[in-house]
Amino acid sequence: MSTTPKVALVTGATQGLGLALVEGLAQRMASHDTVYLTGRDLDRVTQTVEAMPSGGARVRGEILDVAAPEAADRLAARLKELHGGVDIVFNNAVMRVGPDDDPREIVEEYAEVNNFGTTRVLRAFAPLLRDDARLIVVASALGTLHFLAPVLHDRFDGLASLDEVDEQVTVWRDAVKDGSARGGPWPGFVNIPSKIGQVAAVRTLARQRHEQDTPRGILLAAVCPGMMNTPTSAMWWDVGNAPTPAEAAVALLDLALEPVRPGHYGELLRDGEVLPWAPRAYGGKKARRP
C-alpha cells in the first residue's frame, strides 16, 4: 500500500530551536517526506540546508519572513500547489528582546514578528491541514492570564476571531510605543503580553475549528519549550544547566509525531501537560472593554 508523503514546515529555522526541530523532523520522518526549513535571509537558509546531515526526510529551504504581510499566504499557496496540503507546521519565528532594549523602540517590529506573524501563519496554513496534521505555535509559559492584571483578562479571553486578537495586540503595542503602558496595568516585560497574544490566537482559532478538526485527528496547540541554553536566554538568566535546543525539541517533536492526547487541542502545553489558561478564581466571563 502506498503512503502519501508527509510535508512539514518550520518557521524561524536557521538556528536554535527552529533548526533543532527541522533536524529532528528530518531524522524521524521517512525518506519520501519533505521538511521545509524557512527563514527570512536567503544566504542563511541556503547555508543551513547545505549543512544538514544526510538521511531521513528531504530538507528544502524556503524564504519566509513572517513580518511581511503576504509572505505566509504566498508560501502556503506554493505548498498547496506542490503537495496539496501540509501535515506539520511549527510556527517558531521570533524576534528576541534583550535587557538593554527600550520597549518603545522595538515593540513595533517585535509585535509584527511574534504576534502578527503568528496570526498570519495560522490564517495561511490552517486551511491546508490534512487529516492527522499538527499546527503548533511555539510560545511560553508566560502566555497565560496568570501573568496579566485581572483588569486586562477580557482583552485576550474568549475573542471571536484572529482579527480581534490582532486588534488587542495593536492596543497593547501602541500603549508601549506612546509610553502610556508604563503608567497602566500592562506588564513592563513585553514578552508577557506578546506570548499571551500568541496563545490567545491559538485558542481563538481552535474554538472556530474544533468541530471540524477533532474528527480528523488534527491538533492545533501552543507549546512552551521551557528554558534553553541559548545566547539570548543567557542575557537574562543563568542557563548553564538548561537543556540545549536539541534537547528541548524532543517534547515538541513527540507532540508533532505521536498520537494526539485528549484534552490537548487548543491548549498551551509543556512537556505534554496542559498549562491552565486562567487562574482558578477567574470565571472567564466577558467584560465590556473600555
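For the sequence shown, numbering that gives the first Met the number 0 gives the first residue as 0, with consecutive numbering after it.
Heads up, the beta-carbon is just placed ideally off N, CA and C, and yes, glycines get one too.
Fair warning: this is a prediction, and the values are worked out from it, not measured in the lab.
Among the options, nearest to residue i - alpha-carbon criterion
i       : options                              : result
Leu-78  : Arg-95, Arg-59 and Gly-183           : Arg-59
Asp-64  : Ala-92, Arg-103, Thr-45 and Arg-57   : Ala-92
Glu-111 : Ala-70, Arg-154 and Ala-250          : Ala-70
Leu-20  : Leu-8, Ala-200 and Ala-29            : Leu-8
Val-88  : Leu-158, Glu-272, Leu-36 and Val-249 : Leu-36
Asp-42  : Ser-53, Arg-27, Ile-62 and Met-28    : Ile-62
Val-44  : Met-28, Thr-13 and His-31            : Thr-13
Leu-256 : Ile-217, Trp-276 and Pro-52          : Ile-217
Ala-123 : Ala-75, Phe-155, Glu-166 and Arg-172 : Ala-75
Gly-83  : Gly-182, Asp-130, Gln-46 and Ile-105 : Asp-130
Tyr-264 : Asp-270, Pro-224 and Ala-220         : Ala-220
Pro-126 : Asp-72, Val-273 and Pro-68           : Asp-72
Glu-272 : Ser-30, Gly-225 and Ala-132          : Gly-225
Phe-115 : Ser-30, Gly-97, Thr-169 and Leu-158  : Thr-169
Phe-188 : Gly-15, Ala-29, Ser-30 and Asp-101   : Asp-101
Gln-211 : Ala-132, Pro-149 and Val-150         : Ala-132
Three-state secondary structure (DSSP) of residue i
i       : result
Asp-86  : strand
Ala-286 : With a pLDDT of 38 at Ala-286, under the threshold of 50, the modelled position of this residue cannot be trusted; read the value that follows with caution. Correct three-state label for Ala-286: coil.
Leu-251 : helix
Tyr-35  : strand
Ile-62  : strand
Ile-105 : helix
Arg-129 : strand
Val-259 : coil
Leu-147 : coil
Val-136 : strand
Arg-57  : strand
Arg-269 : strand
Leu-158 : coil
Leu-218 : strand
Leu-305 : Within the shown structure, residues of the chain are numbered from 0 to 289, placing residue 305 beyond reach of any answer.
Leu-297 : As shown, the chain starts at 0 and ends at 289. That puts residue 297 outside it, with no answer to give.
Gly-178 : coil
Ala-241 : coil
Val-96  : coil
Ala-200 : helix
Arg-279 : coil
Trp-171 : helix
Gln-14  : coil
Asp-72  : helix
Integer-rounded CB distance, given that residue j should sit under 8 Å from residue i
i       : j       : result
Lys-164 : Leu-128 : Sequence check: residue 164 is Val here, not Lys. The Cβ separation is near 19 Å, so there is no contact.
Gly-196 : Arg-103 : Rounded, the Cβ-Cβ distance is 18 Å, inconsistent with contact.
Leu-268 : Leu-252 : Not a contact, Cβ separation roughly 13 Å.
Leu-296 : Thr-203 : Summary: the structure shown does not reach residue 296, with the chain confined to residues 0 through 289, and so no result is reported for it.
Leu-24  : Ala-56  : 7 Å
Gly-54  : Gly-11  : 24 Å between Cβ atoms; not a contact.
Residue i versus residue j: straight-line alpha-carbon distance, rounded
i       : j       : result
Met-94  : Leu-121 : 18 Å
Thr-213 : Arg-206 : 11 Å
Pro-4   : Asn-113 : 30 Å
Ala-247 : Asp-99  : 27 Å
Thr-33  : Leu-18  : 15 Å
Ala-66  : Ala-200 : 16 Å
Trp-171 : His-152 : 13 Å
Arg-27  : Arg-119 : 28 Å
Gly-182 : Arg-260 : 43 Å
His-145 : Thr-47  : 38 Å
Pro-208 : Glu-80  : Just to set this straight, residue 208 is Arg in the shown sequence, not Pro. Near 23 Å, if we compare the C-alpha coordinates of Glu-80 and Arg-208.
Val-198 : Cys-223 : 10 Å
Pro-278 : Asn-90  : 26 Å
Ala-180 : Gly-157 : 23 Å
Gly-15  : Ala-250 : 15 Å
Gln-167 : Phe-155 : 7 Å
Arg-287 : Ala-174 : Annotation note: pLDDT 35 at Arg-287 (below 50); position unreliable, no value reported.
Pro-52  : Pro-258 : 27 Å
His-31  : Glu-22  : 15 Å
Pro-149 : Thr-2   : 50 Å
Gly-290 : Ala-159 : Missing from the structure shown is residue 290; the chain here goes from 0 to 289 and no further.
Contact under 8 Å by Cβ, residue i with residue j
i       : j       : result
Asn-190 : Leu-141 : yes
Glu-108 : Lys-176 : no
Lys-194 : Ala-241 : no
Pro-244 : Thr-143 : no
Pro-192 : Pro-186 : yes
Val-136 : Thr-117 : yes
Residue i: CB within 7 Å of a non-hydrogen atom of the ligand ATP
i       : result
Leu-254 : No copy of the ligand ATP appears in this structure; indeed no ligand is present at all.
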